[in-house]
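Participant: Mind having a look at this structure? Questions to follow.
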Amino acid sequence: MNQIANRQALCEKLLELARKDRDIVLLASDSRGSASMVPFVKELPEQFVETGIAEQNIVGIAAGLAHSGKKPWVTSPACFLSMRAIEQVKVDVAYSATNVKLIGISGGVSYGALGMSHHSLQDIAVTRAIPGLAVILPADRHETKRMTEALAAHEGGVYVRIGRNPVEDSYESDDYPFEIGKAVTMREGNDVTLIAAGETVRVALDAADLLRADGVGCRVLNMHTIKPLDTEAILKAAEETGRIITLEEHSIYGGLGAAVAETVVQHRPVPMRILGIPDEPAITGKTSEVFAHYGISAANVRTVALAMSGKG
Amino acid sequence: MNIDELRRKAVQIRMDLLRMIHHAKTGHTGSSLSNTDILVALYYGVMRVDAARPKWEERDRFIASKGHAVESLYCILADKGFFPKEELKTYSRFGSRLIGHPNNKVPGVEMNTGALGHGLSIAVGMAKAAKMDGKPYRVYTLMGDGEQAEGSVWEAAMAGAHYKLDNLIGIIDRNKLQISGTTEEVMGLEPLEEKWAAFGWNVVPVNGNDMAELVDALQAAPREAGKPILLMAYTTKGKGVSFAENVPHWHHHVPSDAELEQALAELAGQLQEIAGDRV
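Going line by line, the protein sequences match chains A and B.
Counting from 5, one number per residue, gives the positions in the first sequence under the working numbering.
Counting from 884, one number per residue, gives the positions in the second sequence under the working numbering.
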């Protein structure tokens, strides 16, 4: 099992980039530890800004830094960054078109037992409704590295959500092309498509392996960028596989499943199932336990896929 | 510009913004009249800006945290040549870039503002960037007094002092009125000077409708190394137009034809008085 959390991979890559580009500035809201950013702070203190526990202020300051030519990366718990500071994200980042990277750390249910106040299960719905803001969930440490490089080269506001704990790799290495807005086809298949993002990509891959044994050809799309959405890949999947299942560590309202459904229903209606967190404060526990409880598991995806394809 | 020239400029800007609001049939009349002297002092007397180079790197920055002061800001930017004065007639019209809160598509407007409590954080970021890069520019932000109820103002106040941003100047348009009544009725702010001082700012009280005092405070006020400045500018809402002064209703009220005529006549009288002072 991989022991490197995505936040560590991000810190490592960002530090590497920041050594060469002195305009990169890291910001943290009393969260340098939880963001795994201590190595950055120790090595490049001149490129670090601490704001204390003040999410509105951290986003406003980042916008001011960006306006003055800096390249700010805000690291702050996803639950607070995406909700408490959302007006600053809307006005100071998106509307004013400032080049601010917003990194929501410990996202989804990765704060586990801390409960709804610390879970971020509405962040995708909220951020993807903001014009011009890109929304990205990397699947593993490899993708986090590639994404960090891509974001450094990208001019504009971005919201990224990463989890707290190490996740099993979905990629064998970071030697693959990562493009903002382009889904990655992780498995080929023509009976059903699984669309996942972030930590649910691994679940989708495991489900595809189970379904292969059942004789069901399962396509897996890693929709790491939820906005701008790769509608081409989605419509191709609808056309070629006729069935879509989405998996997400998010409320079933307004997240990946909703985004995919909006596209599918308007342009190529096919049967869909949306697996995510229902309209309730999520149960607490380890991510795998929470996922299993809500059917975001390889076993349940297999059951759903078999039923959809008439083989269940 | 000398003080009389600045005073005359302020009266002319008041005339321009009243005409603009009357033409558009919308606008924050009282608020813009209140802070016109402050913006004139900044843009014609203190700040280093260049209409020919709106993005000039060394320019001083102004953030209208109080975004509803936009009418005075647009009239000043047009007067300085950032965009054609003729365009003021499009204010608030369909598709115009001169919308009812600051829009950074307009040359000279740095950031989109209007949601209250944002400007100081942005200004802190800009002032911090200047420090990091060793650049000499200053950052000014104008806040409303009603806006002081936003918690984010105080987050930014802490940060400005924490980072010893002596290149940052916060200005409060302390006219003591907000849309629902007096600030002290709506959400008591006093003792406001003491609060800012307690947050580590160098607080400078000033009559915000007195050009000589304003320019003196902005240019010559004792600057303390390592401390941001808070200019507490005591003003009159609706300043310059007798029937609008200190009337909450004028926060967001449009003058009728007759009211515009009277207001312009009063302002013309003020121009003559200033000219008379010089004789």
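In this text, a Cβ means the ideal position worked out from N, Cα and C, and glycines have one as well.
Do A:T250 and A:R330 have their beta-carbon atoms positioned less than 7 Å apart in this structure?
Facilitator: Absent from the model: residue 330 of chain A. The displayed extent of chain A is 5 to 316, so no value can be given.
Participant: Using the Cα positions of A:D234 and A:T189, report the straight-line distance between them to the nearest angstrom.
Facilitator: For the purposes of this step, residue 234 of chain A is taken as residue 230 along the first sequence, with counting starting at 1. For the purposes of this step, residue 189 of chain A is taken as residue 185 along the first sequence, with counting starting at 1. Cα-Cα distance, rounded: 12 Å.
Participant: Is the beta carbon of B:A1012 sitting closer than 7 Å to the one on A:K74?
Facilitator: If you number the second sequence from 1, residue 1012 of chain B lands on position 129. If you number the first sequence from 1, residue 74 of chain A lands on position 70. A contact, by the Cβ cut-off of 7 Å.
Participant: Taking the alpha carbon of A:S3 as the point to measure from, which residue in A:A13, A:I90, A:S38, A:M120 has its own alpha carbon closest?
Facilitator: Residue 3 of chain A falls outside the range modelled here, since chain A spans only 5 to 316, and no answer is possible.
Participant: Tell me B:D1056's beta-bridge partners as DSSP assigns them.
Facilitator: Position 173 of the second sequence holds residue 1056 of chain B. DSSP lists B:G1027, B:A1116 as partners of B:D1056.
Participant: Could you tell me whether any Cβ in chain B is nearer than 7 Å to the Cβ of A:K105?
Facilitator: Taking the first residue of the first sequence as position 1, residue 105 of chain A is located at position 101. No - not a single Cβ of chain B is within 7 Å of the one on A:K105.
Participant: Applying the 10 Å Cβ sphere with the 16-neighbour rule, what's the burial state of B:W1133?
Facilitator: Here the question's residue 1133 of chain B lines up with position 250 in the second sequence. Buried, since its Cβ has 16 or more Cβ neighbours within 10 Å.
Participant: By how many angstroms is the C-alpha of A:F44 removed from the C-alpha of A:C15?
Facilitator: For the purposes of this step, residue 15 of chain A is taken as residue 11 along the first sequence, with counting starting at 1. For the purposes of this step, residue 44 of chain A is taken as residue 40 along the first sequence, with counting starting at 1. About 7 Å.
Participant: Where does B:E1038 land, buried or exposed, given buried means 16+ other C-beta within 10 angstroms?
Facilitator: Residue mapping note: residue 1038 of chain B aligns to position 155 of the second sequence, counting from 1. Buried, since its Cβ has 16 or more Cβ neighbours within 10 Å.
Participant: Can you say whether A:A242 is buried or exposed, counting buried as having 16 or more other CB atoms within 10 angstroms of its CB?
Facilitator: Against the first sequence, residue 242 of chain A aligns to sequence position 238. Flag for A:A242 reads buried.
Participant: What does DSSP give as the partner residues of A:Q270 in its beta bridges?
Facilitator: To locate residue 270 of chain A, count along the first sequence from 1; it is residue 266. DSSP lists no partner for A:Q270.
Participant: What do you get for B:K949, buried or exposed, if any count of 16 or more other CB atoms within 10 angstroms of its CB means buried?
Facilitator: Walking along the second sequence from the start, residue 949 of chain B turns up at place 66. Burial call: buried.
Participant: With H, G and I counted as helix, E and B as strand and the rest as coil, what does DSSP make of A:T102?
Facilitator: Working through the first sequence from its first residue, we reach residue 102 of chain A at position 98. Three-state result, A:T102: coil.
Participant: For A:D144, is the classification buried or exposed, using 16 other Cβ atoms within 10 angstroms of its Cβ as the cut-off for buried?
Facilitator: Indexing the first sequence from 1 puts residue 144 of chain A at position 140. Under this definition A:D144 is a buried residue.
Participant: Between A:I57, A:Y163, A:I107, which has its C-alpha nearest B:S1035's C-alpha?
Facilitator: Here residue 1035 of chain B corresponds to residue number 152 of the second sequence, with the count starting at 1. Checking every option, the nearest Cα to that of B:S1035 belongs to A:I57.
Participant: What residues match up with A:W77 in a beta bridge as DSSP calls it?
Facilitator: The count along the first sequence starts at 1 and reaches residue 77 of chain A at position 73. According to DSSP, which records beta bridges pairwise, A:W77 is partnered with A:L30, A:K105.
Participant: For my contact list, B:A934 and B:F965 are in at a C-beta cut-off of 8 Å; report their separation, rounded to the angstrom.
Facilitator: If you number the second sequence from 1, residue 934 of chain B lands on position 51. If you number the second sequence from 1, residue 965 of chain B lands on position 82. Rounded, the Cβ-Cβ distance is 5 Å, consistent with contact.
Participant: So what does B:L960 bridge to, in DSSP terms?
Facilitator: Along the second sequence, read from residue 1 onward, the residue named residue 960 of chain B stands at position 77. BP columns for B:L960 are empty, so no partner.
Participant: Between the C-alpha atoms of A:V264 and A:E253, what's the straight-line distance to the nearest angstrom?
Facilitator: Here residue 264 of chain A is taken as the residue at index 260 of the first sequence, counted from 1. Here residue 253 of chain A is taken as the residue at index 249 of the first sequence, counted from 1. Rounded to whole angstroms, A:V264 to A:E253 spans 15 Å at the Cα level.
Participant: Return the chain-ordered ranges of every beta strand (DSSP E) run that is complete within the region 194-275 of chain A and spans a minimum of 3 residues.
Facilitator: Taking only runs of at least 3 residues, the beta strand (DSSP E) segments lying wholly in the region 194-275 of chain A are 196-200, 222-226, 229-231, 248-255.
Participant: What is the rounded straight-line gap between the Cα of B:L922 and the Cα of B:S955?
Facilitator: As a position in the second sequence, residue 922 of chain B is number 39, starting the count at 1. As a position in the second sequence, residue 955 of chain B is number 72, starting the count at 1. So the alpha carbons of these two residues sit roughly 8 Å apart.
Participant: Would you call A:N6 buried or exposed, if buried means 16 or more other Cβ atoms sit within 10 Å of its Cβ?
Facilitator: Position 2 of the first sequence holds residue 6 of chain A. By the 10 Å Cβ count, A:N6 comes out exposed.
Participant: If I measure Cβ to Cβ from B:Y1046 and keep anything under 6 Å in the same chain, skipping five residues before and after, which residues do I get?
Facilitator: Counting from 1 along the second sequence, the entry for residue 1046 of chain B is found at position 163. Result list for B:Y1046: K1011, in chain order.
Participant: Tell whether a beta-carbon distance below 7 Å holds between B:P937 and B:P990.
Facilitator: The residue given as residue 937 of chain B occupies position 54 in the second sequence. The residue given as residue 990 of chain B occupies position 107 in the second sequence. Yes.
Participant: Buried or exposed for B:L1070, going by 16 or more other Cβ atoms inside 10 Å?
Facilitator: Residue 1070 of chain B sits at position 187 when you count from the first residue of the second sequence. For the sequence presented, residue 1070 of chain B should be read as Met rather than Leu. So B:M1070 counts as exposed.
Participant: Is B:T1065 helix, strand or coil by DSSP?
Facilitator: If you number the second sequence from 1, residue 1065 of chain B lands on position 182. The answer is strand: DSSP assigns B:T1065 an E or B state.
Participant: With a cut-off of 8 Å, do at least 3 Cβ pairs link the region 99-112 of chain A to the region 162-181 of chain A?
Facilitator: Taking 8 Å as the limit for Cβ pairs, the verdict is that the region 162-181 of chain A does touch the region 99-112 of chain A.
Participant: Touching or not, the region 57-67 of chain A and the region 111-123 of chain A, by the rule of three or more beta carbon pairs under 8 Å?
Facilitator: Too few Cβ pairs lie closer than 8 Å, so no.
Participant: Return yes when the C-beta of B:W1133 is under 6 Å from any heavy atom of the ligand HEM, and no when it is not.
Facilitator: The ligand HEM is absent from the structure shown, which contains no ligand whatsoever.
Participant: Suppose you measure from the CA of B:K1059 to the CA of A:M120; what does that come to, to the nearest Å?
Facilitator: Counted from its first residue, the second sequence places residue 1059 of chain B at position 176. Counted from its first residue, the first sequence places residue 120 of chain A at position 116. Each residue's Cα considered, the two are about 40 Å apart.
Participant: Can you list, in chain order, the residues of its chain whose CB lies under 6 Å from that of B:V1162, leaving out five sequence neighbours each side?
Facilitator: Taking the first residue of the second sequence as position 1, residue 1162 of chain B is located at position 279. Any reading at B:V1162 is ruled out, since the residue's pLDDT is 43, under 50, leaving its predicted position unreliable.
Participant: Compute the distance between the beta-carbons of A:L141 and A:G219, then report whether it is under 7 Å.
Facilitator: By 1-based counting over the first sequence, the position of residue 141 of chain A is 137. By 1-based counting over the first sequence, the position of residue 219 of chain A is 215. No, Cβ-Cβ distance for A:L141 and A:G219 is not below 7 Å.
Participant: Residue range of the alpha helix (DSSP H) that B:A1080 falls in?
Facilitator: Stepping through the second sequence from its first residue, residue 1080 of chain B is reached at position 197. B:A1080 -> alpha helix (DSSP H) spans 1075-1081.
Participant: For the beta strand (DSSP E) containing A:M190, name the first residue and the last one.
Facilitator: Sequence index remark: in the first sequence, residue 190 of chain A carries index 186 (1-based). Taken as a continuous stretch (DSSP letters only), the beta strand (DSSP E) holding A:M190 covers 188-191.
Participant: What residue from A:A187, A:A200, A:K231, A:G193 has the CA that sits closest to A:G4's CA?
Facilitator: It is not possible to answer for residue 4 of chain A, since the shown part of chain A is limited to 5 through 316.
Participant: Report the option in A:I300, A:E236, A:R247 whose CA atom is closest to the CA atom of A:G314.
Facilitator: If you number the first sequence from 1, residue 314 of chain A lands on position 310. Nearest C-alpha to A:G314: A:R247.
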